[in-house]
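Colleague:
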Amino acid sequence: MGRQPCCDKLGVKKGPWTADEDKKLINFILTNGQCCWRAVPKLAGLRRCGKSCRLRWTNYLRPDLKRGLLSDAEEKLVIDLHARLGNRWSKIAARLPGRTDNEIKNHWNTHIKKKLLKMGIDPVTHEPLKKEANLIDQPIQESDQNKINGHQQVQVVPECTSVTAAATSSELDNSSYSASSTSSSENSSSITDESKLVLNTLGENDPLLSSLLEVDAPLVDSLWELPVSSEEQKKFDNMTSWDDSLNWLLDCQDFGIHDFGFDNCFNDVELEVFNTIDDMENKQ
DNA sequence: AATCTAGGCAACCGCCAATAT
DNA sequence: TATATTGGCGGTTGCCTAGAT
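Residue numbering for the first sequence follows full-length UniProt numbering, beginning at 1 and increasing consecutively.
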C-alpha cells in the first residue's frame, strides 16, 4: 500500500549544509533537472532527506535567487500582498521573482513587522493599533488616526474599515504606509468590493503593482523548470574547483533572469514584470 | 579582552492536500 | 476505496555574528 518512504530516518544528516554537499546537489540538478526529490539524495550521493535537498535548493542554491535586502519596491509589494493574503508566504514569494517564501517570511519577521509596530500599525490586521484599542472603548476620531506617527495619507474607508495609503517602504520611517486590507487578513480569500476598488486604484498608479497584484497571474514558481542552456552547462562542467562553481553561481545571482537565459521560461507578461523591476532597481 | 545580548537567517518540524499504490 | 507517501507550506528553533557592556 502507498509509496515508499521518503527516506529512512537512520543515517540521515541534519544541520547546516557543507560546500561539498552543495556542490553535489547543484551538480545533480544541473545535470538531471528537478525530478523526484525522494530520489535526489540517493542519486546525488547525499546523506540527506529529499525534503532537506528541496529546501536547500529552493531557498539557497537556485541560480535565479536574488541576494541581499529587499528593495523598496519589493518591500512595498510584500506589505501590500500581506495585507491581502496574510501569512501566505509562498503566494507572496511567487509574485516576487528571485525571492523565496522563507526569505520574505524572515524579512517580514525581522524588519517589516518592527517598522509597522513602530508606526503604530498592527502587522497582522494592517490597521492602526490605536484604532483597534479604541474599537473596544469608543469610536476612533479621524483626526486621531491621521496623527498616528504622522501617517500622511492614511484614510479610513467607511464600513469596511480598511486602511489604505500609497508610499514606498523607504518612506516607512517617515511614516507613510502602503497597504490595503480587509478587516481580517486571514479572510483574504474573499476580497471585498471596497478592497478591489482600493487595489484597482493602486494598480492604476503603479504598473508594477497592477501586474503583480493580479490574483490570477501565473505564478513564477510553477514555471520553474531549470532549462539551463548548453553553454551554461558547459561553463559549469569546466569549472575546476568548488570556488569556481560557487563564484559562478553567485555571479548568476547578481544578474537577472535575462542574463541567465531564463527568458524562454516566462511569457510576455511575466517578462514585462521582470523588466519593470529591473528598471526600478536601475533607477535606484 | 571577555562576556552578554539581540538580531538575522538557515534549517527543521509538523501539518495538510494531492497523489500513487 | 482505503491507506501511505510526497511535496509544499507556515511556524518555530537554534546557531552565528555584531554590537554593547
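Each residue gets a CB set at the ideal place from its N, CA and C atoms; glycine is no exception.
Could you tell me which residues DSSP pairs with P128 in its beta bridges?
Modeller: P128 pairs with I121.
Colleague: Distance check for V40 and L61, CA to CA, integer angstroms please.
Modeller: Their Cα atoms are separated by approximately 15 Å.
Colleague: Pull up the distance between the alpha-carbon of K91 and that of K105, whole angstroms please.
Modeller: Approximately 11 Å, taken between the alpha carbons.
Colleague: Are the CB atoms of C53 and L46 nearer to each other than 8 Å?
Modeller: Yes, the Cβ-Cβ distance between C53 and L46 is below 8 Å.
Colleague: Which residues bound the alpha helix (DSSP H) around R84?
Modeller: Run containing R84: 72 to 85, per the alpha helix (DSSP H) assignment.
Colleague: Tell me the rounded alpha-carbon separation between I26 and T18.
Modeller: Straight-line Cα distance between these residues: approximately 12 Å.
Colleague: Where do the ends of the alpha helix (DSSP H) carrying A39 lie?
Modeller: Per DSSP, A39 belongs to no alpha helix (DSSP H) and is neither H nor E.
Colleague: Buried or exposed for G68, please, with buried defined as at least 16 other CB atoms from any protein chain shown within 10 angstroms of its CB.
Modeller: The residue in question, G68, is exposed, as its Cβ has fewer than 16 Cβ neighbours within 10 Å.
Colleague: Can you list, in chain order, the residues of its chain with a C-beta nearer than 6 Å to that of L129? Leave out the 5 residues immediately preceding and following it.
Modeller: Here the set comprises G120, D122.
Colleague: Report the three-state DSSP secondary structure of R67 (helix, strand or coil).
Modeller: Of the three classes helix, strand and coil, the one that applies to R67 here is coil, per DSSP.
Colleague: So what's N99 in DSSP terms, helix, strand or just coil?
Modeller: According to the sequence provided, residue 99 is Arg. The question's Asn does not apply to it. Three-state result, R99: coil.
Colleague: Excluding sequence positions up to five away, which residues of its chain have a Cβ less than 6 Å from the Cβ of F28?
Modeller: Around F28: A44.
Colleague: Can L96 and L77 be called in contact, C-beta distance under 8 Å?
Modeller: Cβ distance < 8 Å, so L96 and L77 count as in contact.
Colleague: Using the rule of at least 16 other Cβ atoms within 10 Å of the residue's Cβ for burial, across every protein chain shown, is V215 buried or exposed?
Modeller: Reliability fails at V215, whose pLDDT of 44 lies under 50, so the model's placement of it is uncertain and no value is given.
Colleague: Going by beta carbon distance, what residues of the same chain come within less than 6 Å of W89, once the five residues before and after it are set aside?
Modeller: Within the same chain, W89 has close Cβ partners D101, I104, K105.
Colleague: Assign R56 to one of three DSSP states: helix, strand, or coil.
Modeller: Residue state, collapsed to three classes: helix.
Colleague: For I112 versus E74, is the C-beta distance shorter than 8 Å?
Modeller: In this structure, E74 does not lie closer than 8 Å to I112 by Cβ.
Colleague: If you compare alpha carbons, which of E21, L30, R48, N32 is closest to K13?
Modeller: Comparing Cα positions, the closest option is R48.
Colleague: Confirm, please, whether the CB-CB distance from L70 to H107 is below 8 Å.
Modeller: Cβ distance < 8 Å, so H107 and L70 count as in contact.
Colleague: Could you give the residue range of the alpha helix (DSSP H) that holds W17?
Modeller: Unbroken run through W17: none, as it is neither H nor E.
Colleague: Quick one: grab the DSSP three-state call for G45.
Modeller: Here G45 sits in coil by DSSP.
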